[in-house]
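If you read the sequence shown in UniProt numbering, its first letter stands for residue 1, the second for the next number, and so on. No residue lacks a Cβ here, since even glycine has one placed at the ideal position from N, Cα and C. Here's the structure we're looking at; comments come further down.
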Amino acid sequence: MTKIAYPSRRGLANLDSGRYIDLEEEISNLPAYDPSKCPKGLIDLSGAVNKLMRDVMEEKIDSFAAQYAFGQAIDYGPVMGPPSESTGLSKAVARFVNHHFKPATAVKSTEILVTNGASSMIDLVAFNLCDRGEGIMVLTPTYMMFKHDLCARTGIEFIGVSASVDDQFSARYAPQLVKVLENAIVESQRNKILVRALLICNPCNPVGRCYSKTTLTYLAQLCGRHSMHLIADEIYAMSCFASSSPPGLDEFSSVLSLPADPGNNVLAENIHCIYGASKDFGAGGLRLGFFITRNELVWKVCRRLALFTWVTCFSTAYFEHFLSDESAIAGYLGLYQERLRARYVQTTDLLRKHGIPFVPANSGIFLLVKLTRWLEFFNSSNPEKSAEEQLCRYLAYSGGVFISMGELSHCEVPGWFRLTYTAYNTDVVLLAVDRLARSLAILEGLRTADGLFS
């Protein structure tokens, strides 16, 4: 008798781990906002989309394309991108990192691995740093897709370690943070899980804060004591700005800036940095990720699997050209950070006006807004959908605004949502905040539903 063949058990298991992907696909079926064609359509602020510099990047890529021999684009090219007669992409990235990340020791091009995006990089690194059943600790709240990217194909364990905003970033609380992580290591050992690495997101997605250099040193020392890798996803490294409310938030420091200090357990070979083109440069479509490591053996084993993360000829040629113009990069980053701060101020001013609490930030392209008090209007005992998911759906289907649930980012307290303020122009983002405020007011019975989408 003929029978239909089924996928593998590990393939089927991933169907249960793609909750955000499923929700995003469902919500994407709603009519999208268009000021003239669909003014009542959905405004999607859920994804970490950065369009602040779209005008500049379009002009630069159009200019490059006008003189690029597109016949080259259909070649395979080397795995890490086509070599250049002058420099090469890895050398251009090394120059950029050495100038802007302030490494303790200059990064060499031979210490960089190029892949087709940071997500595939995370999968690649997890596979090569851990065996099946071993674990990677991740400070939470964090990037919602880390668990998927780390575990979907590798069979490793995601060990989320919750810390408050102050505990996670401030130098003042670094000793307490290390104590929390030490306890998590002990608990993992009780569960027969060997912790091989600590992964942080710096600047942090979704909080929009940076780790102090003191905290990074404490984390590096922890990893050195336990023979663990310290991996920092620094994809938002240049998405930083001065914050006056509150003052004194830590500025960005890269893990690469930590000087090697073996006597105090800071080992350069244990510290790795992930970067890419998608966030600071709003160029996710180029599919370029960069892994920077001083560990030659780690570089070699990752390089063996780079065939699965092949980069395109056009992307590498363009981004090398772009990064090689240092004066243009300086101008780009100056304008970008100016626009980013202005958009942050405009968005937070309106949130304050509407009485919507949020976590002050000085980096990233998003905010954590706290909608906990509005969860009471939803059934918290629903076994299929949490009150947070019900609120999320209400805002999307009835309010016309889609923001990302904090539970997907492993927020410990229900009611946090991530709002991306760079996904549209200023008017549309502020309209979305107005829609959010009106939708919450309706829940409290302060207004009728009339004019909700106006």
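Measuring alpha carbon to alpha carbon, tell me which of the options ends up nearest residue i.
i: M228; options: L181, T215 and T142; result: L181
i: P247; options: R54, R9 and A361; result: A361
i: A396; options: E412, L367, C411 and R435; result: R435
i: R373; options: G415, E24 and K179; result: G415
i: E326; options: K40, H100 and S36; result: H100
i: G155; options: N14, A277 and L288; result: N14
i: F291; options: V125, I61, L30 and L305; result: V125
i: G284; options: F377, A92, G117 and G406; result: G117
Under a three-way DSSP split, which group does residue i fall into?
i: R418; result: strand
i: L452; result: For L452, the predicted model reports a pLDDT of 40, less than 50, meaning its position is unreliable; a value from the coordinates is still stated below. The answer is coil: DSSP assigns L452 none of H, G, I, E or B.
i: K3; result: coil
i: G117; result: coil
i: L288; result: coil
i: R132; result: coil
i: G276; result: strand
i: C313; result: helix
i: L436; result: helix
i: M137; result: strand
i: L15; result: helix
i: V255; result: helix
i: C151; result: helix
i: L45; result: coil
i: V207; result: coil
i: R447; result: Only weak support exists for where R447 lies, its pLDDT of 42 falling under 50; the coordinates are left without a value.
Let me know if residue i comes out buried or exposed under the rule of 16 or more other beta-carbons within 10 Å of its beta-carbon.
i: F70; result: exposed
i: D44; result: buried
i: A449; result: Caution applies to A449, whose pLDDT of 39 falls short of 50 and renders its modelled position unreliable; the value that the coordinates give is listed next. Flag for A449 reads exposed.
i: V186; result: exposed
i: V369; result: buried
i: M1; result: exposed
i: R225; result: exposed
i: P103; result: buried
i: I4; result: exposed
i: R10; result: exposed
i: T105; result: exposed
i: G331; result: exposed
i: E296; result: exposed
Since residue i is in the alpha helix (DSSP H), which residue starts that stretch and which ends it?
i: G406; result: Segment: none, G406 is in no alpha helix (DSSP H) and carries neither H nor E.
i: I185; result: A174 to R190
Could you tell me the boundaries of the beta strand (DSSP E) in which residue i lies?
i: D250; result: That residue, D250, is in no beta strand (DSSP E); it is neither H nor E in DSSP.
i: E157; result: E157 to S162
contact_flag[the segment 132-146, the segment 188-198] where n(CB pairs < 8 Å) is 3 or more: yes
Okay, do the segment 333-343 and the segment 53-69 touch, 3+ Cβ pairs below 8 Å being the bar? yes
Pair every Cβ in the segment 162-172 with every Cβ in the segment 202-222, then say whether three or more of these pairs are closer than 8 Å. yes
With a cut-off of 8 Å, do at least 3 Cβ pairs link the segment 301-311 to the segment 372-387? no
Is it true that the segment 343-357 meets the segment 253-271, where meeting means three or more beta-carbon pairs spaced less than 8 Å apart? no
Quick check: the segment 277-294 against the segment 26-42, are there 3 or more CB pairs under 8 Å? no
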